[in-house]
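Since the structure comes first, as structure tokens, the remarks are kept for the end.
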Amino acid sequence: MLKKTFELSVLKSAALAALALMALPAVAQTSNNCAPRDQVVKRLAERYGESRQSIGIGQRGVVMETFASADTGSWTITITTPGGVTCLVASGQSYEFLAEALPVVDSDA
13 MLKKTFELSV
23 LKSAALAALA
33 LMALPAVAQT
43 SNNCAPRDQV
53 VKRLAERYGE
63 SRQSIGIGQR
73 GVVMETFASA
83 DTGSWTITIT
93 TPGGVTCLVA
103 SGQSYEFLAE
113 ALPVVDSDA
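Residue 13 is where the sequence shown starts when you use the numbering used here, and the numbers rise one by one after that.
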């Protein structure tokens, strides 16, 4: 049950990140959750012990990154514009580091 709850939480976070990517220009100009990328990365490392765990590139060159701490389990999802402005999208606890294999696809179907 806990694993299913965690998976739903991750899916919700991904959906929020997708929504944030669509609204990024407005968010980057008006939000207190945005700063130059180097400042955000430094603060996540110093304050929460988080380092980058994953990265993806979205539309118009926007970069989505996940930062997490193996020690505390805290995590943060950020998006960064091509101009270098990074915004916090979501954060939480109980991050799990996974390296799962792809499911086996049944070729008879």
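C-beta atoms are modelled at their ideal positions from N, C-alpha and C, and glycine is treated no differently.
Please read these numbers as outputs of a predicted model, since none were measured by experiment.
With H, G and I counted as helix, E and B as strand and the rest as coil, what does DSSP make of residue i?
i	result
ALA114	The displayed chain sequence assigns Leu, not Ala, to residue 114. In the structure shown, LEU114 sits in coil (DSSP, three-state: anything other than H, G, I, E or B).
GLY95	coil
SER119	coil
Count the other CB atoms, across all protein chains shown, that sit within 10 Å of the CB of residue i; report buried if there are 16 or more and exposed otherwise.
i	result
VAL117	exposed
PHE79	buried
GLU62	buried
Between which two residues does the alpha helix (DSSP H) containing residue i stretch?
i	result
GLU58	49 to 60
Name the one or two DSSP bridge partners that residue i has.
i	result
THR78	SER66, ILE89
SER103	THR88
Worksheet entry | Cβ pair count under 8 Å reaching 3, the segment 52 to 71 against the segment 79 to 91 | yes
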